[in-house]
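Going by the numbering used here, the first residue of the sequence shown is number 524, and it counts up by one from there.
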Amino acid sequence: MKIKSITIENFRSIENETFNVAELHGGKTFTLIGINESGKSSFLRGVSLVDGGEAMFPKDFGNDTKPITIFLTYTLDASEDKELKKALTEKGFEKDLLSKINIEEVDVCVTFEPTATPVRNNFDRIKFKTHIFPDYTLEGDKPVQKNPEQTQDDFNLQTYFQTTFPKYFWKLSHHITFWESSDEYLINDQINLTTFATDPKKTSVPLLNCFGLAGIDEVSIPAAINRLQTEPSEVSDLQDKLGDKVTAHIKKVWENHPVKIKFQINNMMLSFLVEDVGVKYDSKTTNQRSDGFRQFISFLLTISAENSTDQLSYSLLLLDEPETHLHPQAQEFLRNELIKITKNKEDNIVIFATHSNYMIDKDHLERCFRVEKQGNKKTKLEQIKGKDSSYSEVNYEVFGIPTNDYHNELYGYLEDIDKSKLEGLPKSKKWYNDKTKVTDSVSLATYIRHSIHHPENGKNPKFTSADLVKSINSLRELKYGKRKAGK
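Take a look at the structure:
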């Protein structure tokens, strides 16, 4: 199925928001940007509820008299339509009736009623082109043509699906993963291999994927671990194989961070060690490295590794501020990997929230959705229009970061479009021209423009951050009007 949109109703500060999922530049990676408490995390948490988790009453209910409703809207392709009609044929549907069934779109839904202990209710909401068939009636659990000599109810396809196939499309929808810095997803210093062999996914997803990178799938893990106890050479071989394959994967993604990953197995306890290239005999456990390093390596050995081994398909991945603890360069590597994950043909989707401008795809700003609370109450999402905006402008509007680049951008735009607007600004500053030895009265905007372009002129006082913000706002007012002048 092809996903069209995600809708959240009455979840926390989100009253009613629809997020359109359209392919951008060969993939479906999207960024939620905004200040803290704007509702980014609430959006991600809300989406995750479609696949699992519970809502808490009353804190998760925006209006505690109405239900929470979240749904993914899909359209069917030809293969799925064929499979559905095959299932209906097995239920006794005639060819004539099958030919008249046309599904326009499907909502895969979850609702929670506003009660003390809200119960999740998953169901499909199907939009049929026609759902009432007056020539047919339901006899038992099978639609049959009406008997003209009897008065019989019309066959209602909507009701039939609700009864017979209540979650048919929910089972076919994207698998949703909310990636968090929890024990399940983080690399641990020591892992009991006997425990791991009994339930790899529950014990350690990163280690499971390390085995996958080494060519050992989940089914084969118990046998591989059992051999460690009977064949001593297997210990050394497995250590080396895991280390080589995992190191190769990390180097492929994190090119400028030369590390070697080593595995040590002793008494069925596996230790994950990190050695900086060029620094021998000084391996560190992950707890001895920074939180950012541990988190990034863990990400590379969960979602990234699954993508590398073609295990990641038809997944909707949600990440809340995955850049936490990472230095700027690592953040950029992480961003690029998140973009790459959705560029394969496996129909993966990534939505991540961030408060870091390093996580923004500068070349494709339309990936970004600005999240803010209107009137400090209701969360709203707005897609950044790449052709009408710039990286500097996004930094200012979303993160409140004033830059010389943005000032230059605004000044240059006004200079090209309508120079008279710049000339109309109050001339509140004095600029000493080092070449002509003349002091001119200029506007604050022109003073800052001169200062940026002539740093060699030390005869004029430096402008302050407050000056820069004030001037940017005045230039924004000239460009956009008062409505958008401030941040």
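A virtual CB, placed ideally from N, CA and C, is assigned to each residue, including glycine.
C-alpha of GLN818 to C-alpha of GLU869: approximately 25 angstroms in a straight line. With a threshold of 16 other beta carbon atoms within 10 Å, MET792 falls short and is exposed.
As DSSP reads the structure, GLY550 sits in a beta bridge with LEU547. Under DSSP, HIS698 shares a beta bridge with SER838. A Cβ-Cβ contact shorter than 9 angstroms links GLY576 with ARG568. In the DSSP annotation of this structure, the continuous segment of the beta strand (DSSP E) that includes ASN789 starts and ends at 782-789.
For ALA601, the enclosing alpha helix (DSSP H) starts and ends at 601-613.
A distance below 9 angstroms separates the beta carbons of LEU839 and ILE874.
Rounded to the nearest whole angstrom, the CA to CA distance from VAL921 to SER561 is 11 angstroms. From the listed residues THR969, LYS985 and ASN871, the smallest Cα separation to SER827 is found for ASN871.
One thing to note: PHE684 has its Cβ no nearer than 9 angstroms to the Cβ of ILE739. Burial of LEU967 is indicated by the presence of at least 16 other C-beta atoms within 10 angstroms of its C-beta.
Residue TYR881 holds the alpha-carbon nearest to the alpha-carbon of GLN852 among TYR881, ASP833 and LEU841. Per the C-alpha coordinates, the member of GLU829, ILE971 and THR700 positioned closest to LYS985 is ILE971. In terms of Cβ geometry, LYS775 and VAL800 do not form a close pair [threshold 9 angstroms]. Going by C-alpha positions, LYS669 is about 13 angstroms away from GLU617. The beta carbon of LEU861 sits closer than 7 angstroms to the beta carbons of THR552, VAL873 and PHE875 from its chain, once the five residues preceding and following it are set aside; these are given in chain order.
Residue range 792-799 is occupied by the beta strand (DSSP E) that includes PHE795.
Boundaries of the alpha helix (DSSP H) harbouring THR770: 755-776, taken from the DSSP string. DSSP places PHE580 in the coil class of the three-state scheme, outside both helix and strand. Beta-bridge annotation (DSSP): LYS903 is paired with GLU895. When DSSP assignments are scanned along the segment 612-693, the uninterrupted stretches of alpha helix (DSSP H) that are 4 or more residues long and fall wholly within it turn out to be 618-622 and 680-687.
In the structure shown, THR825 adopts helical secondary structure according to DSSP, grouped into three states.
Judged by their CB atoms, ASP843 and LYS525 are not nearer to each other than the 9 angstroms cut-off. Within the DSSP bridge table, the entry for GLU540 names ILE531 as partners.
Within its own chain, the residues whose Cβ lies closer than 8 angstroms to the Cβ of THR825, once the five positions on either side in sequence are excluded, are TRP702, TYR708, VAL728, PRO729 and ASN732, listed in chain order. Inclusion of VAL570 and ILE699 in the CB contact set at 9 angstroms is warranted, their separation being smaller than that value.
Following the DSSP letters along the chain, one finds LEU595 inside the beta strand (DSSP E) bounded by residues 591-598.
With respect to the C-alpha of LEU621, the residue from HIS654, ARG643, GLU754 and GLU741 having the closest C-alpha is HIS654.
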